[in-house]
Structures are given as structure tokens and as C-alpha cells.
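There are 2 protein chains.
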Amino acid sequence: MIIVPERAIPDLLTRDASYKAVENVFAAMASGDAYNFPVIRESIGHQDALYGFKGGFDRVGGSLGLKAGGYWPHNLDTHGIINHQSTVFLFDPDTGMVRAMVGGNYSTALRTAAASSVSINHLARKDARVMGMVGAGHQAGFQLRAALEQRPFEKVIGWNYHPEMLANLEKVAAEAGLPFEAVDLDGLAEADVIITITSSFAPILLEHHVSPGTHIACMGTDTKGKQEASADLVARATLFTDEVAQSISIGECQHAIAAGLITEADVSQIGAVINGSHPGRHSADEITLFDGTGVGLQDLAVSAALVDLAVEKGVAIEVDL
Amino acid sequence: MIIVPERAIPDLLTRDASYKAVENVFAAMASGDAYNFPVIRESIGHQDALYGFKGGFDRVGGSLGLKAGGYWPHNLDTHGIINHQSTVFLFDPDTGMVRAMVGGNYSTALRTAAASSVSINHLARKDARVMGMVGAGHQAGFQLRAALEQRPFEKVIGWNYHPEMLANLEKVAAEAGLPFEAVDLDGLAEADVIITITSSFAPILLEHHVSPGTHIACMGTDTKGKQEASADLVARATLFTDEVAQSISIGECQHAIAAGLITEADVSQIGAVINGSHPGRHSADEITLFDGTGVGLQDLAVSAALVDLAVEKGVAIEVDL
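Rendered as C-alpha cells:
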């Protein structure tokens with residue numbers, strides 16, 4: 006088997022490779038060639054940790070396996086390591102033998118960034134020029150960096166509950182040679198694309214904050230109770246997601262569903278747009294919203310790409326089982 | 006992290022170590038110190054394979070993780086490798102970091118054998134002398150070998166749908182210096198202990214095949230629809246299991262439950278007997294039945310023992326992540 010250690014991954018995994026892996030697997034999900042297994046998520050009653058498994062199988066890409074791990078909230082304080090810890094295990098779909106083990110920490114950040122990036126490429130207006138951010142934490146930098154590659158943006162604007170953290174976004178904008186402007190939530194009306202990436206449990210982005218024609222990627226809501234966009238904003242938008250079942254139960258669409266403002270049939274798979282079986286955006290005035298909930302197949306796809314990259318660059322560890 | 010490769014495990018793992026690990030974790034389950042996660046089991050639509058994850062956490066033993074893998078029915082014919090393929094991954098419960106990867110094929114055979122062996126030790130009559138087997142496949146040899154260590158048995162008797170396979174049992178009996186006798190199902194009335202280990206979907210062992218005072222370990226039923234013992238035999242016995250939720254849904258007790266002959270409250274955890282909180286067998290005439298469904302915690306416990314053994318014997322592979 007092959008091991009790709011976490012320490013090797015930041016030098017191996019490009020945004021481009023992550024983008025391609027995620028776009029391909031979203032397409033495979035929509036065409037019925039790939040599916041995610043039910044998610045296991047357990048509050049284990051030790052260290053306040055959440056632990057679980059996200060598995061899936063992509064019969065076209067040949068990826069079978071799972072991401073295992075979770076959230077250990079005291080890691081940074083107690084052990085000086087990051088709180089999100091995960092590892093991906095790939096299996097040979099022809100034999101069931103373990104094929105690879107791949108660090109899942111850095112790749113989770115990049116696959117999550119790739120998801121909103123894929124949605125921008127397929128759903129934002131071609132003339133989008135102002136990029137808006139809600140949230141400015143560690144993951145927000147990854148989302149912004151990937152997003153800026155999808156359109157010739159001319160400016161980044163951003164809002165965060167703790168304004169002092171907006172320096173994170175300003176830095177990423179500067180890397181891309183773009184000006185950054187801190188705005189209040191009303192100021193987001195200037196944005197052509199908005200990414201929300203917070204851990205909020207109450208709506209931040211309301212209907213009047215968003216102009217017609219905007220594409221929104223809601224990336225923070227992955228649990229029952231979390232919410233970034235108001236239910237009426239969600240109901241007003243044309244809705245896309247990675248996986249419909251997750252979107253309506255633990256994703257951003259859960260609240261509009263619960264309020265009876267939308268039904269499951271109102272939410273389309275982004276993969277259908279990638280495949281061309283859904284036309285995507287219909288008009289320049291339409292608000293499109295991508296609900297990125299995060300699926301195991303993204304992790305498997307990016308990890309499979311990492312195995313190939315690690316072998317090619319000679320940094321894969323081979324273990325004789 | 007530490008890797009214990011499959012090839013090293015037959016020389017490392019003893020029946021004694023498997024027995025202790027399984028007995029301890031059954032006790033921890035009954036005392037509320039260890040629990041299994043919901044099982045993921047997927048028919049992936051490729052190679053007729055069944056694939057999934059059995060996870061759990063034992064806060065006393067410190068084992069957190071999962072067994073991943075499944076059943077690839079064409080492996081032996083197509084690739085010359087065994088059809089059951091699995092791998093165990095252990096995580097550090099304090100940080101969520103992966104701690105070890107352990108081959109799961111041989112250890113699954115031994116942990117399954119250990120389960121019926123634990124049940125015999127705690128539930129069979131002390132004067133049990135005749136060991137009966139229903140089933141004579143590959144796994145039956147493991148079950149019998151472990152069982153014979155629990156009482157001073159004087160004879161092994163056995164029945165199998167294909168009688169020519171009974172030579173497997175005769176060989177194991179001979180290793181222990183015991184005579185073997187092929188019997189018809191009525192002949193099992195002579196047995197003091199009976200292990201059933203088949204893949205049957207219809208009852209084989211009926212009430213009139215079993216004498217008062219017998220201990221039965223039903224080890225083959227792990228799926229909806231499978232069945233080894235008749236529902237009225239199950240209803241007549243005092244019932245024990247590894248995990249009640251599995252016993253009544255996918256284990257041997259599913260049929261007596263469905264027929265309304267027993268309720269969930271009639272099935273006790275074997276761990277309660279090990280802990281002393283359940284008295285176990287009440288009388289020499291009682292039929293006791295252990296429904297062994299197989300839980301992830303068994304795999305984690307045996308694998309954690311294997312990590313220690315592999316380090317001690319110098320065959321662990323250490324990988325710097």
C-alpha cells in the first residue's frame with residue numbers, strides 16, 4: 006500500500022488538482038456513477054470530540070473508501086496541533102484490499118475551497134468583478150484564494166463578526182494583486198459573488214444584502230441548527246448543492262425546507278450543471294445559491310489525486326503488507 | 006503511526022490474547038464504558054461486493070476507530086486471495102490522529118472464535134464433555150479450536166450440509182487428541198455445547214435436536230434473513246448476545262422477535278455475565294443461547310492487543326507521518 010503523509014501534502018496538492026478532482030466527482034454523483042454512504046458522526050464523550058466516517062464509491066473514478074476523523078476542540082491548546090484531524094483510506098474496489106492512506110487535514114481545506122470554486126465557475130455571471138466574503142477565519146483564506154481564480158475579479162470586499170480578522174482576507178486579496186475593502190452587511194450588495202464561511206447558528210446574510218444576479222456559495226453550514234443565509238434569501242435563489250439529501254437536512258437549505266418555503270425538488274445537484282443536464286443560471290438577474298455541505302467523495306477524489314502526485318514526485322511511502 | 010501487516014498476524018495473535026481482548030470489551034460494553042457506532046454496510050454494485058465500516062469507542066481500553074472492508078465473493082477465483090478482506094484503523098482518542106493500521110483478516114477469524122469461546126466459558130455447564138458443531142467451513146475450524154480450550158471435552162460431533170467437509174472438524178479434533186463423529190441433526194442431542202457457524206437462510210437446529218442443559222452459540226447469523234436456529238428453540242433458551250440491538254435486528258434473535266415469541270428484554274448482554282451483574286446459567290437443565298453478531302469493538306480490542314504484540318516482537322512497521 007501507499008502512504009501519503011500529512012507533512013508532504015501542502016507541497017503536493019495544487020488548487021488546480023483539487024478543482025478537477027471535485028468537479029469530476031460532483032459530475033459522477035449527478036450521473037449516478039458515484040454515491041456517498043450514510044455519514045457516521047459521534048459525540049464520543051471524551052475530550053468533547055466529534056468523530057466519524059464519511060465514505061463513498063465512485064465507480065468511474067475507481068475511488069472506494071472513507072475519511073475518518075473529526076473535531077477535537079482542545080487540540081490546539083493542549084497539544085499544539087490543529088483541532089480538525091482526519092485521515093483518508095482508499096481501498097481497491099476490485100478486491101477490498103486497502104490501497105492507500107492519505108493525510109486529510111490540508112486536503113479537506115482545499116477540497117472545501119474547490120467546491121465553492123466549482124460553483125462559481127459554473128454559476129456566477131461571466132462579468133462578475135466584485136468578490137464578497139462573509140467570514141474571515143482560517144478556512145476563509147482557502148475559499149477566497151480558489152474563488153479568485155474563477156473570474157477576473159477587480160476587488161474583494163468582506164465582513165466578519167470580529168472585524169480584526171479581516172486582515173486574513175486582505176492578505177489573500179493582496180497576493181492576487183487586488184484591493185480589499187471591509188464593508189458592513191449592506192455593503193455586500195456590491196458583490197457579484199458571495200462566499201459565506203462561518204460557524205453561525207443564526208442567519209447573517211439577509212435578502213436585502215444581496216443584489217440581483219449574485220452567486221452565493223454557502224459553505225459553513227454542515228450540521229442541524231447552523232445557518233448563514235436567511236430562509237427567505239434561500240427561497241428566492243435558484244438552488245444547487247453537492248448532495249441534496251445533506252442540503253435539506255444539515256445544509257443551508259434545512260431552514261427554508263423546515264419553513265415550507267421550498268421543497269426538495271427545488272434543490273439541484275451542481276453535478277447536473279457540470280454534466281450539462283441542467284442549464285445552470287438562466288439570466289443575469291437570477292440569484293444562484295450553492296449549498297456546499299461537504300461529502301466523502303470529495304475527500305476520496307482529492308486523495309486519489311494525491312496518491313498519483315506523491316508517486317510521481319517520489320514522496321509516497323510504500324509499505325509491504 | 007504503527008502498521009501491523011496482515012502477513013505478520015498469524016504468528017503474533019494467540020487465541021489467548023484474542024479471548025482476553027474480547028472478554029474485556031464485552032464487559033466494557035455491558036458496563037457502559039464502550040459502545041459501537043451504527044454499522045455502515047453497502048452493496049456497492051461492483052464485483053458483487055459488500056463493503057462497510059464497523060466503528061466504536063472503548064473509553065476504558067482507550068480504543069477508538071473502525072474496521073473497514075467487506076466481502077468480495079470473486080476474490081478467490083479471480084485473484085487467488087480470500088473473499089473477506091478487512092483492515093482496522095485505530096485513532097488516538099485524545100487527539101483524533103491515526104495511531105495504527107492493522108490487518109483485519111486473520112484477526113476477524115480469531116475474534117469471532119473468541120466470542121463463542123467466551124460464551125462457553127461463562128455459560129456452558131462445567132461438566133460439558135461433548136462438543137457439537139453445525140457447519141464445517143473454514144471459520145468452523147477456528148470456532149472449534151477455541152471452544153475446545155474452555156472445558157475438558159472428550160468428544161466432538163458434527164453435522165454439515167456437505168458431509169465431505171466434516172474432515173475439517175475431524176482434523177481440529179485430532180489436534181486436540183479427541184475423537185470425532187459425524188452425526189445427523191438428531192444426533193446433536195448428545196452435545197453439551199453446540200456452535201452453529203453456517204451461512205444458512207433457514208433454520209437448521211430445531212428444538213428437538215437440543216437436550217436440556219445445552220449451551221448453544223449461534224455465530225453465523227449477521228444479516229437480515231439469515232437463520233440457524235428455529236424461533237421456538239430461541240424462545241425456549243435463556244438468551245445472551247454481544248449487542249442486543251444487533252441481535253434482535255440482524256442476529257439469530259431476529260426471527261423469534263418477529264414472531265412475537267420473545268421481546269428485547271429477554272436478551273441479555275454477555276458482558277453482564279462477565280461483570281457479574283447477571284448470574285448467567287441458573288440450572289443444569291437450562292438451555293443457554295449466545296447470539297454472536299460481531300461488533301466493531303471486538304476488532305478494535307484485538308487490534309489494539311496486536312499493536313502491543315507487534316511492538317514487543319519487533320515486527321511493527323513505524324511510519325513517520
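The listed protein sequences correspond, in order, to chains A and B.
Taking the working numbering, the leading residue of the first sequence gets 6, the next gets one more, and so forth.
Taking the working numbering, the leading residue of the second sequence gets 6, the next gets one more, and so forth.
C-beta: ideal position from N, C-alpha, C; glycine also.
- With a contact defined as Cβ atoms closer than 8 Å, Thr293 of chain A and Thr243 of chain A qualify at about 5 Å.
- With three or more CB-CB distances shorter than 8 Å, the segment 218–236 of chain A counts as touching the segment 131–150 of chain A.
- Per DSSP, Arg104 of chain B is not a residue of any alpha helix (DSSP H); the beta strand (DSSP E) it occupies stretches across 103–108.
- Pairing Phe185 of chain A with Leu174 of chain A gives a Cβ-Cβ distance under 8 Å.
- For Val307 of chain B, no Cβ of chain A is located within less than 8 Å of the residue's own Cβ.
- Looking from the CA of Thr228 of chain A, the closest CA among A:His214, A:Ile253, A:Ala321 belongs to A:Ile253.
- Within the model, the alpha-carbon separation for Met34 of chain A versus Ala172 of chain B is close to 49 Å.
- Remark: C-beta atoms of Arg156 of chain A and Ile125 of chain A approach each other more closely than 8 Å.
- Straight through space, the alpha carbons of Arg20 of chain B and Ser122 of chain B are spaced by roughly 10 Å.
- About 6 Å separates the CB atoms of Arg130 of chain A and Gly218 of chain A; that is less than 8 Å, so the two are in contact.
- Nearest to Asp189 of chain A by alpha-carbon distance, out of A:Ile267, A:Phe206, A:Ala178, A:Gly163, is A:Gly163.
- Residue nearest to Gly66 of chain A within the set A:Met224, A:Gln144, A:Val30, A:Met106 is A:Val30 (criterion: CA-CA distance).
- Between Met6 of chain A and Thr117 of chain A, the beta carbon gap of about 26 Å keeps them out of contact (Cβ cut-off 8 Å).
- In this structure, Val239 of chain B sits near Ile267 of chain B, with a CB-CB distance shorter than 8 Å.
- Closer than 8 Å to the CB of Met106 of chain B there is at least one CB belonging to chain A.
- In the three-state scheme derived from DSSP, where H, G and I count as helix and E and B as strand, Met34 of chain B is classed as helix.
- At a beta-carbon threshold of 8 Å, the residues of chain A lying near Glu11 of chain B are Leu326, ordered along the chain.
- When CB distances to chain A are screened at a threshold of 8 Å, the residues of the segment 19–42 of chain B falling below it are Phe42, in chain order.
- With a threshold of 16 other beta carbon atoms within 10 Å, Ser68 of chain B meets it and is buried.
- Comparing alpha carbon positions, the residue from B:Pro15, B:His213, B:Ala152 closest to Arg134 of chain B is B:Ala152.
- Per DSSP, reduced to three states, the secondary structure at Phe147 of chain A is helical.
- His213 of chain B and Ala264 of chain B have their C-alpha atoms some 19 Å from each other.
- When DSSP assignments are scanned along the segment 27–93 of chain B, the uninterrupted stretches of alpha helix (DSSP H) that are 4 or more residues long and fall wholly within it turn out to be 80–84.
- Within the segment 246–325 of chain B, the runs of beta strand (DSSP E) at least 3 residues long that lie entirely inside it are, in chain order, 272–274, 293–296.
- The three-state reading of DSSP puts Val188 of chain B in coil, since its state is none of H, G, I, E or B.
- In the three-state reduction of the DSSP assignment, Leu174 of chain A falls in the helix class, which pools H, G and I.
- Residues of the segment 50–63 of chain B whose Cβ lies closer than 8 Å to any Cβ of chain A, in chain order: Gly50, His51, Gln52, Ala54, Tyr56, Gly57, Phe58, Gly60, Phe62.
- Between the segment 32–48 of chain A and the segment 43–59 of chain B, the count of Cβ pairs shorter than 8 Å is three or higher; the stretches touch.
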